[in-house]
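Take a look at the structure below.
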Amino acid sequence: MRAIKYSEALREALREEMVKDENVVLIGEEVGQGYRGCFGVSTGLYEEFGPDRIIDTPISENSIMGLGIGAALMGMKPIVEIMFSDFVAVCFDGVLNQISKIKFMSGGQFSNLNFVLRLPGGAGNGTGPHHSQCLESIFMSIPGLDIAIPSNAYDAKGLLKTSINHGNPVVFFEHKKLYKTEGNVPEREYSIPFGKGVIVRDGKDLTIVATSYMVEVAGEVADEMKRNSGIEIEIIDPRTLVPLDTEIIGDSVKKTSKLLVLEEGNERSGVAAEISYRVNEEYSDYLDYPIKRIGSKNSPIPMTPNLEKAIIPNKDSIISEIRKYFEI
37 MRAIKYSEAL REALREEMVK DENVVLIGEE VGQGYRGCFG VSTGLYEEFG
87 PDRIIDTPIS ENSIMGLGIG AALMGMKPIV EIMFSDFVAV CFDGVLNQIS
137 KIKFMSGGQF SNLNFVLRLP GGAGNGTGPH HSQCLESIFM SIPGLDIAIP
187 SNAYDAKGLL KTSINHGNPV VFFEHKKLYK TEGNVPEREY SIPFGKGVIV
237 RDGKDLTIVA TSYMVEVAGE VADEMKRNSG IEIEIIDPRT LVPLDTEIIG
287 DSVKKTSKLL VLEEGNERSG VAAEISYRVN EEYSDYLDYP IKRIGSKNSP
337 IPMTPNLEKA IIPNKDSIIS EIRKYFEI
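In this note's numbering, the protein residues as written are 37 to 364.
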């Protein structure tokens, strides 16, 4: 099986679905010419599919969102790219009050509504408060949206292909630090169903549920704790936040009796809080400790590298928290 970059896996998914269905269109700022997507994901697609399907827009998030929603209502399969997830605030009405509610308010007229909102985000590159946020928890609270959050190239391709044909609006989060990472991706056709998490690493002493780039960090934590202490950590990637696979987490908790939920978003009212609550409702009898959650400190993301590092969970800070909390 070949190894390709996360960004290349996304590009393959886009291209394959555009070849299969002329209703698939990509909409956003410089997705065709110029940057070819802010992180180069759509390189080559403009030349192959032309300006009618790779649609460059003005710098107007409201217009981008409105064009995508209108295309979805006309039976197309729009993929809307907002250059940085932070900028979705400019067009948030389109998400909160329009695309998420159309199926509910239309009496069945739009029962199959395909719409993908791609949101590159995440910190660690010194890009400051307006280009670094992880906003997944905000979207988790909105009924009518499904949420995909791939952590590797294989999942990026499989989940994007599913999202494009999902029949329900999908918010698709892409961490900026993952674009250049490589992973094994088959050349055969495949997709990944929503609501099916995956065990990234087997272990018996502690379960870590991690999302997006934090799956990589969790792997570093597990490597060091095994090397230094013999502690075997099981890592679970839920792949999608809505729907959420609590069963795979519960099965792991039955084995390890300890659970840490790890995210890059703000710890307060975050993804980790929701996952912790859901798991505790069903599996609290199997836990030897209350669930521990770790996220970024409740602060805007600084631009200065040393301050940014102090805000975001990292290998050393996570290991320190694990040892202190779980006494291992």
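Beta carbons are placed, not taken as given, at the ideal position from N, Cα and C, and that holds for glycine.
Using CA atoms only, rank isn't needed, just tell me which of the options is closest to residue i.
i: Asp241; options: Glu268, Pro94, Asn220, Arg263; result: Glu268
i: Arg263; options: Ile355, Pro229, His202; result: Ile355
i: Glu218; options: Val206, Ala189, Gly239, Lys212; result: Ala189
i: Ile178; options: Tyr215, Leu214, Ser78, Phe128; result: Phe128
i: Pro229; options: Pro222, Glu317, Thr276, Tyr325; result: Thr276
i: Met101; options: Gln169, Phe123, Gly203, Asp287; result: Phe123
i: Lys113; options: Val206, Ser288, Gly164; result: Val206
i: Met110; options: Pro338, Ile174, Phe151; result: Phe151
i: Asn342; options: Lys290, Gly162, His202; result: Gly162
Mark residue i as exposed unless 16 or more other C-beta atoms lie within 10 angstroms of its C-beta, in which case mark it buried.
i: Asp321; result: exposed
i: Asp191; result: buried
i: Val55; result: exposed
i: Lys328; result: buried
i: Asp259; result: exposed
Quick one: residues in its chain with C-beta nearer than 8 angstroms to the C-beta of residue i, no 5 flanking neighbours on either side, listed in chain order?
i: Val285; result: First, the amino acid is wrong: residue 285 is Ile here, not Val. Excluding residues within five positions, the ones whose Cβ falls inside 8 angstroms are Gly233, Thr243, Val245, Ile272, Pro274, Leu295, Ile311, Val315, Tyr319.
i: Gly157; result: Phe120, Ser121, Asp122, Ser168, Gln169, Cys170, Leu171, Phe209, Glu210, His211, Lys212
i: Leu132; result: Ile178
Hey, quick one: how far does the alpha helix (DSSP H) through residue i stretch, first residue to last?
i: Lys240; result: Looking at the DSSP string, Lys240 is not in any alpha helix (DSSP H), and its letter there is neither H nor E.
i: Ser288; result: 282 to 292
i: Pro341; result: 341 to 347
i: Phe362; result: 351 to 362
i: Thr276; result: Per DSSP, Thr276 belongs to no alpha helix (DSSP H); it is in the beta strand (DSSP E), 276 to 278.
i: Glu83; result: 81 to 85
i: Asp92; result: Unbroken run through Asp92 is the beta strand (DSSP E), 90 to 92; no alpha helix (DSSP H).
i: Lys262; result: 250 to 265
Within its chain, find whatever has a CB closer than 7 angstroms to the CB of residue i; leave out the 5 residues flanking it on each side and keep chain order.
i: Glu48; result: Lys193
i: Glu53; result: Val60, Lys197, Ile200
Tell me which same chain residues have a C-beta within less than 6 angstroms of the C-beta of residue i, skipping the five on either side of it?
i: Lys139; result: Phe146, Leu149
i: Gly160; result: Lys213
i: Arg72; result: Ser78, Thr79
i: Asn204; result: Asp182
Grab the span of the beta strand (DSSP E) containing residue i for me, first residue to last.
i: Glu303; result: No beta strand (DSSP E) holds Glu303; DSSP gives it neither H nor E.
field: Length-filtered (3 minimum) beta strand (DSSP E) runs lying within the stretch 43 to 76
entry: 60 to 64
Q | Inside the stretch 121 to 161 only - beta strand (DSSP E) runs reaching at least 3 residues | A | 152 to 157
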